[in-house]
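>
Residue numbers (this note's numbering): 45 to 676.
(1) Classify residue 127 as helix, strand or coil using the three-state DSSP reduction.
(2) Can you give the beta carbon distance from residue 197 to residue 293, rounded, assuming they're within the 8 Å contact cut?
(3) Of the residues 220, 271 and 116, which one's Cα is nearest the Cα of residue 246?
(4) Would you call the stretch 308-318 and the stretch 79-87 touching, i.e. three or more CB-CB distances under 8 Å?
(5) Determine the direct distance from the alpha carbon of residue 203 to that of residue 248, and round the result to whole angstroms.
(6) For the stretch 412-426 and the stretch 446-466, state whether three or more C-beta atom pairs, one from each stretch, are separated by less than 8 Å.
(7) Under the rule that 16 or more other beta-carbon atoms within 10 Å means buried, what is residue 546, buried or exposed?
(8) What does a CB cutoff of less than 6 Å around residue 517 pick up in its chain, not counting 5 residues either side in sequence?
(9) Using a Cβ-Cβ cutoff of less than 7 Å, which residues in the same chain neighbour residue 212 once the five nearest sequence positions on both sides are dropped?
(10) Within this structure, are the beta carbons of residue 441 and residue 380 separated by less than 8 Å?
(11) Whose C-alpha, out of 169, 181 and 410, is nearest the C-alpha of residue 283?
(12) Run the CB neighbour count on residue 356, radius 10 Å, all protein chains shown included, and call it buried at 16 or more, exposed below.
(13) Counting along the chain, where does the beta strand (DSSP E) carrying residue 588 start and finish?
(14) So for residue 504, helix, strand or coil by DSSP?
(15) Could you pull the start and end residues of the alpha helix (DSSP H) that residue 230 belongs to?
(16) Less than 8 Å separating the beta-carbons of residue 734 and residue 183?
(17) Suppose the cutoff is 6 Å on Cβ atoms and the five residues either side in sequence are ignored; what does the same chain contact list for residue 100 look like?
(18) For residue 146, which residues in the same chain have their Cβ closer than 6 Å to its Cβ, ignoring the five residues on either side in sequence?
(19) Run through DSSP, which three-state label would residue 663 get?
(20) From residue 45 to residue 451, what does the alpha carbon distance come to, in whole angstroms?
(21) Roughly how many whole angstroms lie between the Cα atoms of residue 429 and residue 261?
(22) Runs of 4 residues minimum, wholly inside the stretch 168-210: which ones carry the alpha helix (DSSP H) assignment?
(23) With a cut-off of 8 Å on the beta carbons, I'd call residue 327 and residue 119 a contact; round off their distance for me.
(24) Enumerate in chain order the residues of its own chain whose CB-to-CB distance from residue 519 is below 6 Å, with the five nearest sequence positions on each side excluded.
(25) Terminal residues of the continuous beta strand (DSSP E) containing residue 460?
(26) Quick one: what's got a C-beta closer than 6 Å to residue 443's C-beta in the same chain, skipping five residues either side?
(27) Do residue 163 and residue 243 come within 8 Å of each other at the CB atom, strictly closer than that value?
(28) According to DSSP, is residue 92 helix, strand or coil?
(29) Using only the alpha-carbon positions, how far apart do residue 590 and residue 569 sit?
(30) Quick one: what does DSSP say residue 62 is sitting in, helix, strand or coil?
(31) Once you ignore the five residues that flank residue 225 on each side, which residues in its own chain have a CB closer than 6 Å to its CB?
(32) May I have the straight-line CA-CA distance separating residue 598 from residue 124, to the nearest angstrom?
(33) Ordered along the chain, which non-local residues of its own chain (more than five positions away) have a Cβ less than 6 Å from that of residue 74?
(34) Taking 8 Å as the threshold (C-beta atoms), are residue 65 and residue 277 in contact?
(35) Between residue 666 and residue 644, is the Cβ-Cβ spacing less than 8 Å?
(36) Do you know how far the Cα of residue 670 is from the Cα of residue 339?
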């Protein structure tokens with residue numbers, strides 16, 4: 045594609061989607077060409093490349109080996125928590141994957157069967173996902189160390205035939221034994237898997253259950269490699285469970301063909317990365333980012349993918365990310381804003397960053413949570429390279445909006461993920477379903493049909509798929525995010541729709557208030573929630589975490605924060621309550637649990653989120669809210 049023509053490329057993708065995506069689909073191998081590029085007969089589901097047959101594992105591994113890239117590094121595993129590093133070439137990863145597929149085949153796993161993967165951040169987890177894809181089986185990755193009852197729900201919902209696990213995961217301060225959690229989950233589950241394959245890590249030797257459990261090393265040692273099984277383009281590749289508001293997790297389904305086409309396309313179009321280069325998504329395979337951009341995107345494109353087993357800070361310090369980039373020659377990196385806020389909180393002046401040679405790092409991407417301008421600007425100042433905010437969701441599988449570095453680098457506007465990515469026809473709608481004027485806050489939606497890789501359904505929950513995402517605004521996918529589109533067509537994601545609060549009849553974005561709080565020189569992180577108020581309906585309550593080494597008294601910071609919001613947003617915000625806290629409650633991906641904080645503030649019933657990083661933080665927040673006069 046020619047650079048410098050974003051507008052033309054985007055318009056072509058919207059006006060001629062079949063021709064646009066057929067051209068992109070030529071970049072992957074097909075065993076049988078498709079009959080129909082885009083089928084919308086079962087709306088709101090969009091089916092891509094119907095009639096086509098392919099295999100995602102073939103496109104990730106075999107095709108590169110066949111093309112002579114077998115000796116190139118496929119996965120570089122960097123694990124500061126075990127003080128080890130390991131590289132697998134495409135040859136080696138293909139051998140491990142094919143033999144594991146042979147083991148699964150021997151256990152009776154066939155096309156359409158489900159396999160739950162419950163593993164830490166190790167290369168074997170990548171091989172596990174690809175081995176399922178090789179057979180046409182459907183994998184469902186669940187965070188290693190996830191609570192037994194939550195794992196049981198996912199085993200039941202997917203009716204998993206086999207579970208692939210490991211003896212343990214390694215956290216900075218402890219070793220988490222997985223096998224007792226897995227045993228308990230199987231005990232709780234109504235559906236019983238037929239077998240469990242267990243990778244024994246050096247730190248813990250798990251006791252295997254006779255007749256059910258199989259040792260990974262022993263099984264692979266004598267395994268016959270299995271060939272790739274052709275699957276239909278629309279056949280499911282994986283189910284990824286995401287927390288649902290009802291407490292019942294939603295199984296996001298991803299197809300094979302459309303997913304491979306969109307992710308291969310995105311590596312060059314969005315990230316501007318070339319085959320053979322080193323790409324690092326600092327995430328976890330339990331999240332969609334890990335699926336799309338640790339496993340599939342980089343390997344489909346023939347890149348070297350970094351797999352990091354550690355944290356942004358504390359393993360061992362706030363320079364961990366920069367060490368990995370320097371040591372492994374990372375060209376393009378992608379992480380969450382919360383990781384950068386953690387690094388900035390520990391190392392506000394970037395002294396750790398200055399220790400490393402980052403000359404190969406040319407672009408730095410942020411996503412996963414709304415990126416406040418201060419975080420973006422800190423990154424720009426310290427890295428002196430393009431820092432690109434982009435926006436997408438578990439449901440979409442790749443960017444809805446991005447500054448597409450492989451098409452045309454557009455001017456950066458802090459606070460905006462730029463303009464819609466190719467294939468995404470984004471509109472901002474009012475409650476009446478009509479577009480609102482530019483600059484007016486509304487529900488951010490995408491006009492159907494959705495592009496390749498967007499979820500075609502929920503696992504065993506078609507009615508919920510339609511009602512949760514497509515019923516409020518017929519003909520559109522409702523993202524659940526609220527924001528504006530400005531005069532230049534830039535999208536500004538302000539908050540989840542639920543986070544737009546109503547203060548005495550005024551619709552206000554908590555994200556806008558957080559943006560102001562983040563401007564305070566002593567604030568490292570912040571969150572604002574709307575608490576119920578008898579007079580005004582809702583009022584905002586702010587929480588701030590201070591930067592390391594700050595000497596300003598907390599009461600001074602909170603007074604200054606209240607004054608800042610009053611100055612920047614105005615008295616209409618009714619922002620009068622702000623508290624300094626040691627930390628904010630987050631999911632393991634770093635998303636702040638605003639909805640849960642709001643329920644605690646309102647004294648409503650709430651459930652401990654399955655993905656929470658540290659449950660004790662919610663207790664601390666609860667005590668703070670009591671001190672402020674909120675909660676039960």
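Glycine residues also receive a C-beta, built at the ideal position from the N, C-alpha and C atoms.
Per the coordinate set shown:
(1) coil
(2) 6 Å
(3) 220
(4) no
(5) 28 Å
(6) yes
(7) Its Cβ having fewer than 16 others within 10 Å, residue 546 is exposed.
(8) 473, 477 and 489
(9) 219, 220, 221, 222, 245, 247 and 248
(10) no
(11) Of the candidates 169, 181 and 410, the one whose C-alpha sits nearest the C-alpha of residue 283 is 181.
(12) buried
(13) 581-590
(14) coil
(15) 223-232
(16) With the chain running from 45 to 676 in the structure shown, residue 734 is simply not present.
(17) Only 177, 281, 300 and 304 meet the Cβ criterion.
(18) 267, 268, 269 and 270
(19) helix
(20) In this predicted model, residue 45 has a pLDDT of only 43, less than 50, meaning its place in the structure is not dependable enough to derive any value.
(21) 43 Å
(22) 192-202
(23) That pair is no contact at about 14 Å.
(24) Once the five neighbours on either side are set aside, the close Cβ partners of residue 519 are 492.
(25) Note, residue 460: premise wrong, no beta strand (DSSP E); not H, not E.
(26) 314, 434, 436 and 465
(27) It is a contact, given that the beta carbons lie within the stated cut-off.
(28) Residue 92 falls in the strand class under three-state DSSP.
(29) 7 Å
(30) In the three-state reduction of the DSSP assignment, residue 62 falls in the helix class.
(31) 192
(32) 34 Å
(33) Excluding positions up to five away in sequence, the list reads 96 and 98.
(34) no
(35) yes
(36) Rounded to the nearest angstrom, the two C-alpha atoms are 44 Å apart.
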